[in-house]
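Residues 1156 to 1359 (my numbering) make up the sequence shown, in order.
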Amino acid sequence: LRAVPLLIAILNLTLLKKNCVPLHASAFVYQDTGILTTGWSKGGKTEAMLAFSHNGARYVGDEWVILSRDGEKMYGLPEPITTWDWHLAELPKFRSKVKSSKFRLFRAIRSLERVSRNRLVKASAFGKMLGSAMPAIKRQLNVNIPPEKLFGVSGNDLVGRPDKVFFVMSHASQEIAISRTDPREIAQRMVASLEYELEPIRAH
């Protein structure tokens, strides 16, 4: 099967029953320091992990990271990493891991996007149809790459110690700001995140 519906939600509930904590996070080890980067979806966790990995960090996990009961270990899941076209543009080290046909598809979609923004095209029936279809078309601007192919790691490598924890959030400014935060606030935010992630299985 290409995918198993609700597999991660079922796994997360099973892990909670065994007193492990699944976190929406990425994790890596940089200069002997284990780093856990958590936050809500689209906050920049994967981007942080890819940037550090591009500069020598050892990959542990992305999307879901499991914390041991005592908080001394973090474990990654060997699931494919969703890598977008702009990730690959910023991180040339990983481009060789992607087939050239994918880059041709990316260029074609970006060309269509430019056409859809043209004032004359937008006013036409074709332009309106293209404009409504663009969000779905742009969802094809990524490739799922297994971590063993992207980083050369095996399942035994997907473990580290969470020495530092970062809660990442996206914002409109180009500035990157880092500040100390009360760990209880991070915990409360991530509890809310886990509750949200369990909604699909609750709806079932």
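Beta carbons are placed, not taken as given, at the ideal position from N, Cα and C, and that holds for glycine.
For the alpha helix (DSSP H) containing residue i, list its first residue and its last residue.
i       : result
MET1284 : 1280-1293
LEU1161 : Per DSSP, LEU1161 belongs to no alpha helix (DSSP H) and is neither H nor E.
LEU1305 : 1302-1306
Does the distance from the CB of residue i to the CB of residue j come in under 9 Å?
i       : j       : result
LEU1246 : VAL1270 : no
ILE1163 : ILE1236 : no
LEU1370 : ILE1221 : Residue 1370 lies beyond the range of the chain shown here (1156 to 1359); nothing can be said about it.
PRO1302 : ASP1240 : no
LEU1313 : LEU1232 : yes
THR1188 : ASP1318 : yes
GLY1194 : VAL1323 : yes
LEU1353 : ASN1167 : yes
LEU1267 : VAL1253 : no
Does DSSP classify residue i as helix, strand or coil?
i       : result
HIS1179 : strand
ASN1297 : strand
ARG1213 : strand
THR1188 : strand
ASP1204 : Correcting the residue type first, residue 1204 is Met in the shown sequence and not Asp. It is helical.
VAL1276 : helix
ILE1409 : Outside the displayed range of the chain (1156 to 1359) lies residue 1409, so it cannot be described from this structure.
TRP1195 : coil
GLY1315 : strand
LYS1173 : coil
Along the chain, where does the beta strand (DSSP E) that runs through residue i open and close?
i       : result
LYS1319 : 1319-1322
VAL1220 : 1219-1222
GLY1231 : 1229-1231
Review point. Just checking, does the segment 1182-1195 make contact with the segment 1203-1217 on the three C-beta pairs under 8 Å criterion?
Key: yes
Review point. Three or more C-beta pairs closer than 8 Å, one from the segment 1253-1265 and one from the segment 1339-1348: is that the case here?
Key: no
Point to revise | Those runs of the alpha helix (DSSP H) which lie wholly inside the segment 1233-1270 and span at least 4 residues | key: 1240-1245
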